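Peer 1: Quick mapping for you: the protein sequence lines, in order, are chains S and L.
For the first sequence, the working numbering begins at 1 and goes up steadily by one.
For the second sequence, the working numbering begins at 1001 and goes up steadily by one.
C-beta atoms are modelled at their ideal positions from N, C-alpha and C, and glycine is treated no differently.
Treat the numbers as computed from the prediction; the structure is a model and nothing was measured.
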Amino acid sequence: MKSEFKNILIIGIQGALSKITAELLLKKYPKINIYGVDSRSVSDIIPRDNYIVTKIKYNRTNFEKIFRENHFDIVFHLGRLGHASRNQDLNKRIDVNLIGTNAILELCQKFQTKKVIILSTHHVYGAISDNSMFLPEDSPLRASFKFPELRDVVEMDQMCTNWMWKHQESIETVVLRPANIIGPQINNSITQYLKTPLAPMPMDFNPMFQFVHEFDMAQILVRSIEELPTGIYNVANDEVISLHDAVKTVNIKKIQMPIIALEQIAKIISPLWKFPRYLIDYIKFSTTLDNTFLKKHLGEDAFRFKAKEALELLKLN
Amino acid sequence: MNKVNFSLLEKQLKEKYETRNDPWGFSPEKAITDLKLLYPLYRYYFNVKLHGVENFDHSKNYMVISNHTGQIPIDALLICTAFFLELNPPIVLRPLVERFLSGLPFLGKWSSEGGAVLGDRQNCLNLLKREESLLVFPEGVRGIAKSSKNHYELQPFTKGFIRMALQTKTPILPIAVIGAEEFYPFVFHSKKLANFLRVPAIPLSLNLLPLPSPVDIYIGSPYQLPLELSPDSPDEEIEKHILNISDEVNSMIEQGLKNKRSFLKRN
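#1: How many whole angstroms separate the CB atoms of Phe1100/L and Pro1200/L, which I take to be in contact at a CB cut-off of 8 Å?
#2: For Ser129/S and Lys1260/L, what's the separation of their Cα atoms in angstroms?
#3: Just to check my reading of the structure: Ser1147/L and Phe1188/L have Cβ atoms closer than 8 Å, yes? What is that Cβ distance to the nearest angstrom?
#4: In whole angstroms, what is the alpha-carbon distance linking Val1097/L and Glu172/S?
#5: Beta-carbon within less than 7 Å of Met164/S's beta-carbon, same chain only, minus the 5 sequence neighbours each way: which residues are those?
#6: Can you list, in chain order, the residues of the region 212–244 of chain S whose Cβ is nearer than 8 Å to any Cβ on chain L?
#7: Which residues does DSSP list as the beta-bridge partners of Leu119/S?
#8: Among Ile13/S, Ile8/S, Leu272/S and Glu69/S, which residue has its Cα nearest to the Cα of Val53/S?
#9: Go through the region 1163–1193 of chain L residue by residue and report every complete run of the beta strand (DSSP E) that reaches 3 residues or more, in order.
#10: Can you pull the chain S residues whose beta carbon is under 7 Å from the beta carbon of Gly1025/L, in chain order?
#11: Anything in the region 1190–1216 of chain L with a Cβ closer than 7 Å to a Cβ of chain S? List those residues in chain order, please.
#12: Less than 9 Å separating the beta-carbons of Asn1123/L and Ser139/S?
#13: Indicate whether the contact test is met: 3 or more Cβ pairs, each with one atom in the region 134–148 of chain S and one in the region 189–200 of chain S, closer than 8 Å.
#14: Would you say Lys1260/L faces chain S, with C-beta separation under 9 Å as the test?
#15: Once DSSP output is grouped into helix, strand and coil, what is the label at His297/S?
#16: For the beta strand (DSSP E) containing Lys1149/L, list its first residue and its last residue.
#17: How about the region 260–270 of chain S and the region 142–153 of chain S: do they share at least three Cβ pairs that are nearer than 8 Å?
#18: Can you confirm whether the region 1030–1038 of chain L touches the region 1053–1073 of chain L when touching is taken to mean that 3 or more C-beta pairs between the two stretches lie within less than 8 Å?
#19: Classify His77/S as buried or exposed, calling it buried when 16 or more other Cβ atoms lie within 10 Å of its own Cβ.
#20: Run through chain A and tell me which residues come within less than 7 Å of Thr288/S, C-beta to C-beta.
#21: Measure from the alpha carbon of Glu1094/L to the alpha carbon of each residue in Tyr1184/L, Ile1217/L, Asn1088/L and Asp1120/L, then state which is nearest.
#22: Drop a sphere of 10 angstroms on the beta-carbon of Asp301/S, count the other beta-carbons inside from all chains shown, and report buried for 16 or more, exposed for fewer.
#23: Check this for me: beta carbons of Gly1143/L and Pro1174/L, under 9 Å apart or not?
#24: Can you list, in chain order, the residues of its chain whose CB lies under 6 Å from that of Val250/S, leaving out five sequence neighbours each side?
#25: Using a C-beta cutoff of 9 Å, does Phe147/S count as contacting chain L?
#26: Enumerate in chain order the residues of its own chain whose CB-to-CB distance from Glu1131/L is below 8 Å, with the five nearest sequence positions on each side excluded.
#27: Quick one: what's Pro200/S bridged to in DSSP?
#28: To test your reading of the DSSP string, which unbroken beta strand (DSSP E) runs of 3 or more residues are found completely within the region 102–157 of chain S?
#29: With a threshold of 8 Å (Cβ to nearest heavy atom), would Phe1084/L be considered close to the ligand FAD?
#30: How would you list, in chain order, the residues of chain S whose beta-carbon sits under 7 Å from the beta-carbon of Pro1028/L?
#31: Does the region 113–127 of chain S touch the region 175–186 of chain S, meaning 3 or more C-beta pairs lie closer than 8 Å?
#32: Is the beta carbon of Phe1026/L sitting closer than 9 Å to the one on Gly1115/L?
#33: Among residues of its own chain, excluding the 5 on either side of Gly1160/L, which ones have a beta-carbon nearer than 7 Å to its beta-carbon?
#34: Per DSSP, Gln58/S is paired with what?
#35: For the region 247–263 of chain S, which residues have a CB atom closer than 7 Å to at least one CB atom of chain L, in sequence order?
#36: Is the region 272–285 of chain S close to the region 213–231 of chain S, with three or more CB pairs under 8 Å?
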């Protein structure tokens, strides 16, 4: 983005990644104003004159109000709701992820936002037994073939990319599809899985994983303002590591069992074990990403932490 | 016969793979463990012999093209073991495997830890770019799933492999395996039954376990594709090279059958 920018909206500010990104933004661009919103209670953020955070209900009226009152140059949509364990939560997730995202994109256009940066996920490609290693960005999105619970993840990504091409003349849009983000502050499904002692692990499958440290991911979000033109980017480290090696590196004991038993046990212990059943395929089959397109723009030094280093840091935490 | 120094082999493997981290899950430690278990079968049961080692130039990586025989893919296992044990320094051949294998519990994990890779275009190109040598069976399942009356009949080669070799400028190394068809000498394939059960092939054989037929693997001369040939050339231009390679494998099979060792005369 060549033009100047002043006001930045971060949707989903309560997430650890958003908080790190906001701090890095303020460090790099001290004169900007950050407006952070979340549907959850916002905590652990030191208020500053140029860093305002608010809890809002995610609906069009509330978003329109903040768009009207603040002229946002850049919008970070990091507010995709993660994985739900109950049906009620699932409905809410679909509502926020699809209807909410649609409203946000419309408002970006209406209020002439200059750049939109959207955080999608590698889950969109699906964990399928015949996945190639290093899926490029134009691979088919097959996540919802087996588990309808993942349909909003795929549909949100597709909605954003369709919108991106349709409005590329007026708004720069970047869709990021990161591999597994891990770190001491982040609390997503894979971090929880790696840190949970005695969690079940498949003994008959050993998929390959890519890990992105939370700091690297936040840096890439910041750099995407000026360095990434409109497009879809896989965000993944070069280093690939098997699930069994990753667990060994974190050094937390797991219970090994055949996947068929793991799937059944996951149903029984689901109230205790928060790992969603429909993500079990991701610890069964590999979903690794080709990072060529990202590195073309950000260079070879886009990642400070290698996968093993990121896992070691998780262990220290 | 020299004793195999597995510790040295493991050290050589680790030197190559631990510094560059194999994304397809190849594990030097597990490969050596499997090799130790497989070795008595390789050496004494199938009595494998590798011929033409002088045709392998260690300064290059190859796309190794072989006939596919033996009903179950033991031939791939024996070829990979032979290239690893009989060539110096040892060569890790990466066999490209059928899609259904990667979805099978234990087998998919075991095969990828031993170096096998799901055989699709993307993986193939990435492996060649990393200067790995591949083992390709361009006959596919049609090659391995033959009834007794069609033993050693080479099936038509697919075209994909040659385009990938052209794209990465990788030389092709034809090889021929003799002796594997005799693992199951009396076998019949019911295509209807295989279709009904939705599996690639079902061999109906008199013996359940493979018989101890001695196996000879012949390495031919490398086939260099013309440098001016584009990977996007029309099929007609590609086909003549496929025929040349197929003829080369066929002539090695014919020659190999003339010198074939029997069950009793194994040396």
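Peer 2: Judging by the given coordinates:
#1: What you label residue 1100/L is simply residue 100 of the second sequence in a count that begins at 1. What you label residue 1200/L is simply residue 200 of the second sequence in a count that begins at 1. Between Pro1200/L and Phe1100/L the Cβ distance is about 7 Å, and since that is below 8 Å, they are a contact.
#2: Residue numbering aside, residue 129/S sits at position 129 when the first sequence is read from its first letter. Residue numbering aside, residue 1260/L sits at position 260 when the second sequence is read from its first letter. Taking the straight line from one Cα to the other gives about 40 Å.
#3: One-based indexing of the second sequence puts residue 1147/L at position 147. One-based indexing of the second sequence puts residue 1188/L at position 188. Right, the Cβ-Cβ distance comes to about 5 Å (below 8 Å), so this counts as a contact.
#4: The count along the second sequence starts at 1 and reaches residue 1097/L at position 97. The count along the first sequence starts at 1 and reaches residue 172/S at position 172. Between Val1097/L and Glu172/S, the alpha-carbon positions lie close to 42 Å from each other.
#5: Your numbering for residue 164/S matches position 164 in the first sequence. Excluding residues within five positions, the ones whose Cβ falls inside 7 Å are Thr173, Val175 and Thr230.
#6: Glu239, Val240, Ile241 and Ser242: these are the residues of the region 212–244 of chain S whose beta carbon lies less than 8 Å from some beta carbon of chain L, given in chain order.
#7: Sequence index remark: in the first sequence, residue 119/S carries index 119 (1-based). Looking at the DSSP assignment, Leu119/S forms a beta bridge with Leu176/S.
#8: Translated into the one-based positions of the first sequence, residue 53/S becomes position 53. With distances taken between Cα atoms, Val53/S lies closest to Ile13/S.
#9: Unbroken beta strand (DSSP E) runs of no fewer than 3 residues, entirely contained in the region 1163–1193 of chain L, are found at 1172–1178 and 1187–1189, following chain order.
#10: Position 25 of the second sequence, counting from 1, holds the residue named residue 1025/L. Ordered by position in chain S, the residues that pass the 7 Å Cβ test against Gly1025/L are Asn206, Met208 and Ser242.
#11: none
#12: Numbered from 1 along the second sequence, position 123 holds the residue referred to as residue 1123/L. Numbered from 1 along the first sequence, position 139 holds the residue referred to as residue 139/S. No. Outside cutoff.
#13: no
#14: Along the second sequence, one-based indexing puts residue 1260/L at 260. Not one chain S Cβ lies under 9 Å of Lys1260/L.
#15: Taking the first residue of the first sequence as position 1, residue 297/S is located at position 297. Three-state DSSP puts His297/S in a helix.
#16: Taking the second sequence and counting its residues from 1, the one referred to as residue 1149/L is at position 149. Premise fails: Lys1149/L is in no beta strand (DSSP E) and is neither H nor E.
#17: no
#18: no
#19: As a first step, residue 77/S must be located in the first sequence, where it is residue number 77. The residue in question, His77/S, is buried, as its Cβ has 16 or more Cβ neighbours within 10 Å.
#20: Absent here is chain A; the protein component of the structure consists of chains S and L.
#21: Position 94 of the second sequence, counted from the start, is the residue given in the question as residue 1094/L. Here residue 1094/L turns out to be Arg, not Glu, going by the sequence shown. Taking only the C-alpha atoms, the option nearest Arg1094/L is Asp1120/L.
#22: Within the first sequence, numbered from 1, the residue matching residue 301/S stands at position 301. Label assigned to Asp301/S: exposed.
#23: Start at 1 with the first residue of the second sequence, and residue 1143/L comes out as number 143. Start at 1 with the first residue of the second sequence, and residue 1174/L comes out as number 174. Not a contact, by the Cβ cut-off of 9 Å.
#24: Position 250 of the first sequence holds residue 250/S. Leu194, Leu311, Leu314 and Lys315, listed in sequence order.
#25: Reading the first sequence from its first residue, position 147 is the one you call residue 147/S. At a cut-off of 9 Å between C-beta atoms, Phe147/S does not count as an interface residue with respect to chain L.
#26: Here residue 1131/L refers to the residue found at position 131 of the second sequence. Answer for Glu1131/L: Asn1061, listed in chain order.
#27: Taking the first residue of the first sequence as position 1, residue 200/S is located at position 200. Beta-bridge pairing links Pro200/S to Ile255/S.
#28: 115–119
#29: Judged by which ligands are present, the structure shown has none, so any question about the ligand FAD falls away.
#30: Working through the second sequence from its first residue, we reach residue 1028/L at position 28. Ordered by position in chain S, no residue passes the 7 Å Cβ test against Pro1028/L, which lies about 13 Å from the chain.
#31: yes
#32: Taking the second sequence and counting its residues from 1, the one referred to as residue 1026/L is at position 26. Taking the second sequence and counting its residues from 1, the one referred to as residue 1115/L is at position 115. For Phe1026/L and Gly1115/L, yes; Cβs fall inside 9 Å.
#33: Indexing the second sequence from 1 puts residue 1160/L at position 160. Excluding positions up to five away in sequence, the list reads Arg1121.
#34: Reading the first sequence from its first residue, position 58 is the one you call residue 58/S. Sequence inspection shows Tyr at residue 58/S; the Gln mentioned does not correspond to that position. Tyr58/S is not bridged to any residue.
#35: Pro258 and Ile259
#36: no
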